[in-house]
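Numbering (the numbering used here), first residue to last: 348 to 438.
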């Protein structure tokens with residue numbers, strides 16, 4: 348299973364901060380502003396806020412990324428329920 352592309356997350360950090368705070372509610376807005384899309388910083392703050400090992404914080408972050416990838420891919424699926432489009436003037 349593929350994880351969410353971190354460049355996509357860091358490039359749109361402002362939009363993703365809310366989702367991160369939903370998952371790791373102990374992180375403050377100020378901390379998220381300091382993290383500024385840097386994955387290693389986020390992992391370190393998760394580790395510190397929750398008293399986790401670095402491996403556990405990284406594992407949680409990887410799982411979150413994988414879940415986002417699945418969610419994002421599913422939302423990108425387009426089901427075509429419309430009438431067939433004309434091909435060469437025929438239906």
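Yeah, the Cβ is synthetic: ideal placement off N, Cα and C, and Gly gets one too.
No experiment lies behind these values; they were computed from the predicted model shown.
Assigned exposure category for residue i - 16 Cβ within 10 Å defines buried
i: residue 383; result: exposed
i: residue 378; result: buried
Residue from the options whose Cα sits closest to the Cα of residue i
i: residue 380; options: 365, 370 and 394; result: 365
i: residue 370; options: 401, 358, 392 and 400; result: 392
i: residue 406; options: 418, 389 and 417; result: 389
Euclidean distance between Cα positions of residue i and residue j
i: residue 354; j: residue 396; result: 24 Å
i: residue 375; j: residue 367; result: 10 Å
i: residue 409; j: residue 373; result: 18 Å
i: residue 412; j: residue 398; result: 21 Å
i: residue 386; j: residue 352; result: 11 Å
i: residue 359; j: residue 402; result: 26 Å
i: residue 363; j: residue 394; result: 19 Å
i: residue 361; j: residue 404; result: 22 Å
i: residue 356; j: residue 400; result: 23 Å
Three-way DSSP call (helix, strand, coil) for residue i in this model
i: residue 352; result: coil
i: residue 371; result: coil
i: residue 359; result: coil
i: residue 379; result: helix
i: residue 406; result: helix
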